Each structure stands twice: as C-alpha cells, then as structure tokens.
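*Asks:* Here's a structure for you.
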Amino acid sequence: MNLYLFSSPATFYPLAGRLAPWFAGAASILGVVGLWIAFAIAPTDFQQGEVYRIIFIHVPSAWMSMFIYLVMAFWGIMALSFNTRLSSMLAQSLAPTGALMTFIALWTGALWGRPTWGTYWAWDARMTSELILLFLYFGVIALRNAIDDPRRADRACALLSIVGAINVPIIYFSVKWWNTLHQGASVSLTAAPKMAATMLTGMLVLAFAAWFYTIAVSLWRVQAIILERERGAAWILSMRKAKMVTA
Amino acid sequence: MNDFLAMGGHGFFVWSSYGVTAVVLAIELFSLRARRRAAMKQASTTGDAR
C-alpha cells in the first residue's frame, strides 16, 4: 500500500470519516470504564482523602496537553519540509483540542491545589510553563485567524509551533530542574510508579480515553478544515455526486 | 449517596473539576458539530453556479 496516497486531502477525507467513529467509540468505552475505576474501585487515599480523585482527569489532560503540542509541532516540521497541505491541516485540527486539554489540566490542578497545598495557584515553574503552553495554543490559533492566505498561515503557524515546542520539555522537567510547589512525577518510564495499582490503572485507562477522544475529534475537525479549504475542488464536487458529503 | 457527593468534605473541588471538564468537552463537541455542518452545507452548494 502506498502511504503517500493518504497525504492528499482528497484521499484522507474519507479515511478520516471511517476512522473517527471507532476512536470515538473506544474513547467512550474507556471513559466509562475509567470513571468507574476512579469512583467505584479506587480506594480513598490515606493522605489526601477523596480530593485526590481529581488527578484521574488532571494527569491525563496534562499529558495530552504536552503530547498534542509535540504532534502539532511534528506536523509543522512536515509541512515546512515537504510543503504538504494535509500536514498543516492536521496541525490546525489539533490546536483547539490541545488548548482545551491545557485548560482542563490548569483548572483541575487549581482545584486540587487549594485543598491540598492551600492555594489555587502559584507562580512555580511547572504551573507557569503550563500556562505559557495555553498561551502558545491561543497564539497558534490567533495567528491562523490573523492571516488571510492559508498557505502563509500554514508556514507561520508551523514556525510558531516548532519554536514553542521548546516549552514542552521545560514543563516536563520543571519539577526536576527547579524547586517547585508542584510535586515530582508520580509515574515515569524509568521508575516504579509511586501510587497504588488501582489508582494507576484508572489514570492510564482515562489517559487512553483522552488519547482516543483527541484522535476522534481531530479527525472530525480535519474533515471540516478540508471542506473549508478545498471548497470548489473537483474531488469535493465528485464526492457530492457520490453522496459522500451531505449537509 | 450523600457521602459520595460530599467526597469527604471536598465535593466542591472534585465536582467542579469533573463538571467543568464535562462542560468544556461538550462545548467542543457541539461547536465541532456546528462547524462540520456548516462546512458540509457550504461544500454541497459551492460550485453550483458553474
């Protein structure tokens, strides 16, 4: 199979439409299972009590906020290297969901911090760099809206995404590099997790739910972006005749 | 049930975390649906004049 085939919006459009429902379905199932583990199975934390249940959404959304940014920067690199329209469209489709995940991470972090640390917010390295991430997402979205020529907007957004990606390792390692109010990583690839197995399971299930949600939503969004940007293209008109685009 | 909602006295923090998350996800899904409908409507009319 020729993978380059799918680098064209015309061939990717129907593929995205076929894949998105599966990812959405997987996200829904994992979401329900994850919430069930988070509230019905996972025991009360011996130190924090019940409020720790916030981390079941805080950690997955914080992971996604960083990961989505890196994927967006990756598509930016592809767009600048190969000048492919679809790469830019995929990058464009990720920004709103990335901003949303960042917002959820900040919001839930604040609500966890108040009863646990005694404050909603502190200007420590982890929180400040995560807030910068939110502004970077807003910046990418605003930059695209500010430039009328889509191809110029593609290049500008790609550049901003790539430059901004330096912030992601800063967020990730901030708790090691600086003395932060935010605690260190509870889960890492190099050490045994510092949490009970059921809590970890719930968090990972919800992390996968967040992954599949993001994939489903960005596939649906990229379809809208393709239609918006390719309007009047011959392939869309022929797809209409085949009843693949319906209002 | 009341114990569950109270979350050991931290119900406000737990439920406003989960509640706002649910609301923003719903907003994203609804606005995405609106955007897709608009894009499809536009795609199904653009070029009719030709």
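Note that the protein sequences, when read in sequence, are chains A and B.
The working numbering puts the first sequence at residues 11 to 257.
The working numbering puts the second sequence at residues 2 to 51.
Backbone N, C-alpha and C define an ideal beta-carbon position, used for all residues, glycine too.
Bear in mind the structure is a predicted one, so any value in this text is a computation, not a measurement.
Looking only at its own chain, which residues have a Cβ that is under 7 Å from the Cβ of A257(A), when we skip the five neighbours before and after it?
*Replies:* Only weak support is given to the placement of A257(A): the predicted model assigns it a pLDDT of 48, under 50, and the value that follows is read from those uncertain coordinates. Correct list: empty, nothing qualifies.
*Asks:* Which same chain residues, not among the five before or five after Y79(A), have their C-beta less than 6 Å away from its C-beta?
*Replies:* G108 and V178
*Asks:* Report the CB separation of V185(A) from R136(A) in whole angstroms; it is logged as a contact under 8 Å.
*Replies:* 6 Å
*Asks:* Might you give, ordered along the chain, the residues of its own chain that have their beta carbon closer than 6 Å to the beta carbon of T118(A), omitting 5 neighbours on each side?
*Replies:* I64, I67 and H68
*Asks:* Give the DSSP-derived three-state secondary structure of G242(A) in the structure shown.
*Replies:* coil
*Asks:* So F56(A) is in the alpha helix (DSSP H); what residue range does that whole segment cover?
*Replies:* Neither: F56(A) is in no alpha helix (DSSP H) and is coded neither H nor E.
*Asks:* What residue from A207(A), G212(A) and S18(A) has the CA that sits closest to L10(A)'s CA?
*Replies:* The requested residue 10(A) is not part of the displayed model; chain A covers only 11 to 257.
*Asks:* Straight-line CA distance for A83(A) to L146(A)?
*Replies:* Straight-line Cα distance between these residues: approximately 11 Å.
*Asks:* Helix or strand or just coil, what does DSSP make of H68(A)?
*Replies:* helix
*Asks:* For G59(A), return the contacting residues in chain B, with the cut-off set at a CB-CB distance below 7 Å.
*Replies:* G9 and H11
*Asks:* With burial defined as no fewer than 16 other Cβ atoms inside 10 Å of the residue's Cβ, what is the status of W32(A): buried or exposed?
*Replies:* When all chains shown are included, W32(A) counts as exposed.
*Asks:* Check the Cβ of R231(A) against every Cβ in chain B and list those closer than 7 Å, keeping chain order.
*Replies:* L33
*Asks:* Would L40(A) and A219(A) be called neighbours here (beta carbons separated by less than 9 Å)?
*Replies:* yes
*Asks:* Find the nearest neighbour of E140(A) within the set F113(A), L247(A), W127(A) and N155(A), judged by alpha-carbon distance.
*Replies:* F113(A)
*Asks:* Please name the residue in Y62(A), W187(A), T224(A) and A30(A) whose C-alpha comes closest to that of A206(A).
*Replies:* Y62(A)
*Asks:* I want to verify the contact list: residues of chain A whose CB lies under 7 Å from the CB of V15(B), in sequence order.
*Replies:* E60, V61, R63 and I64
*Asks:* Quick check: F56(A) and F5(B), are their CB atoms within less than 9 Å of each other?
*Replies:* The answer is no: Cβ separation not under 9 Å.
*Asks:* Anyone know if the C-beta pair for G123(A) and A132(A) falls short of 9 Å?
*Replies:* yes
*Asks:* Chain B beta carbons: is any one of them nearer than 9 Å to that of I114(A)?
*Replies:* yes
*Asks:* Strictly below 8 Å CB to CB, what residues from chain B border L110(A)?
*Replies:* V25, L26 and E29
*Asks:* Return the residue from the list V227(A), T190(A), I172(A) and A89(A) that minimises the CA-CA distance to R162(A).
*Replies:* Checking every option, the nearest Cα to that of R162(A) belongs to A89(A).
*Asks:* Using a 10 Å radius around the Cβ and a threshold of 16 neighbouring Cβ atoms, would you call M111(A) buried or exposed?
*Replies:* By the 10 Å Cβ count, M111(A) comes out buried.
*Asks:* Tell me the rounded alpha-carbon separation between H1(B) and Q58(A).
*Replies:* Missing from the structure shown is residue 1(B); chain B here goes from 2 to 51 and no further.
*Asks:* Return the residues of the segment 114-133 of chain A that lie within a Cβ-Cβ distance of less than 8 Å from chain B, sorted by chain order.
*Replies:* I114, W117, T118, L121, W122, R124 and P125
*Asks:* If you check the beta carbons only, do L237(A) and A35(B) fall under 9 Å apart?
*Replies:* no
*Asks:* Beta-carbon within less than 7 Å of A37(A)'s beta-carbon, same chain only, minus the 5 sequence neighbours each way: which residues are those?
*Replies:* A219, F222, Y223 and A226
*Asks:* Distance check for V215(A) and L143(A), CA to CA, integer angstroms please.
*Replies:* C-alpha separation (whole angstroms): 25 Å.
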